[in-house]
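Chains as they are written, first to last, in the numbering used here: chain E, 1 to 71; chain D, 72 to 271. Ideal Cβ placement from N, Cα and C applies to all residues, glycine included.
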Ligand code: SF4
C-alpha cells in the first residue's frame, strides 16, 4: 500500500475531478499520492476550516471563463 | 430486535453512494454535511465565491490552473468539450439543505423506531450494556453520548470523513485511505465492544 496516499481521497470533491482527465494527473502525482500534507485543501480541512470548492492543491483558485449566453 | 437480512441492508447501502453520485455527482458524507452546515453558519458564502461549473468549464479552468502551475508541457491534448455535460462542481448547498438532510435522518430514525412498535424515549441507548455501564441517569447518559459525539467529530475531521463518507463512498471507489479508515473505526468498535462485554 502506498503510504503517501492522501487520506481524504475518498471524500475530497476535487479528487475525482483530478482523476477525470489525464492532463490533470500531475496534481494527483504531486499532491494526492505524494505531498498531500502540503495540499492547501488538506491543510484547511485538518485545521477545521472551510475548504473552498475551487481551491487547488497549490493554493490557487480556479477561474471560471464562461462565454456569455446572449451571444 | 429484528434486523433486515444482510442482503437487504447491503442493497440499500450500495444504493446510497450510487444514487448520490449519479444524481448529485457528489460523495455522500454525514460529517461532511455537518461541517458544511457549521461553516455556513459561521460565515455564509455567496454564489460568486463558488460558481457552478459544468464538466467542460471545470476541465477548462483546471487545465488553465495546471498550465499556470506546471507549464503547458504537462497538458495533453484537450478532450472535445461537451456543452451538455452535467454540472460536476456545484455551488455549495444553502444552509437549509443541510438542515433538511439532518431532519431527514432524524425523521427516518423516528419512523423506523415507531414502526417497530415498542419505542420509548430514553436518556441513553436502547442497549443493555449501556444501561449497565451508565444506568438510566438523565445526566450521565446524555453526557456520555455528547462526549462520544465530540470524539467522533474529532476523529472524522482528522480522517477527512466518517462511516458514510469513507465507509460507503470511499470504499465503493476502492480508495485505500477510506479502506484503512473504515478498518480502523469498525475494528476499534468491534474490539471495544468485545472488551466491554468481557469486562462487565
Ligand atoms: S491531496 Fe488535496 S486535492 Fe488531493 S485528495 Fe487530498 S485534499 Fe484532495
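Beta-carbon contacts of residue i that lie in its chain and below 6 Å, excluding the five residues immediately before and after
i	result
residue 237 (chain D)	249, 252 and 253
Distance cut-off 7 Å: residue i Cβ against heavy atoms of the ligand SF4
i	result
residue 8 (chain E)	yes
residue 41 (chain E)	yes
residue 23 (chain E)	no
residue 133 (chain D)	no
residue 12 (chain E)	yes
residue 57 (chain E)	yes
residue 198 (chain D)	no
residue 240 (chain D)	no
residue 114 (chain D)	no
Same chain, Cβ closer than 8 Å to residue i, neighbours up to 5 away in sequence not counted
i	result
residue 46 (chain E)	none
residue 146 (chain D)	134, 137 and 138
residue 115 (chain D)	166
Backbone secondary structure at residue i - three-state DSSP
i	result
residue 9 (chain E)	coil
residue 74 (chain D)	coil
residue 196 (chain D)	coil
residue 64 (chain E)	coil
residue 55 (chain E)	strand
residue 191 (chain D)	coil
Contacts around residue i, its chain only, beta-carbon distance under 7 Å, and the 5 residues preceding and following it disregarded
i	result
residue 205 (chain D)	195, 211, 212 and 215
Unbroken alpha helix (DSSP H) run spanning residue i, endpoints
i	result
residue 222 (chain D)	211 to 230
residue 280 (chain D)	A query on residue 280 (chain D) cannot be resolved here, the shown segment of chain D reaching from 72 to 271 and no further.
residue 260 (chain D)	247 to 270
residue 104 (chain D)	101 to 113
residue 20 (chain E)	14 to 20
Do the region 229 to 246 of chain D and the region 101 to 113 of chain D meet, that is, are 3 or more Cβ pairs less than 8 Å apart? yes
Flag this pair as touching only if the region 2 to 19 of chain E and the region 35 to 51 of chain E have three or more C-beta atom pairs under 8 Å; answer yes or no. yes
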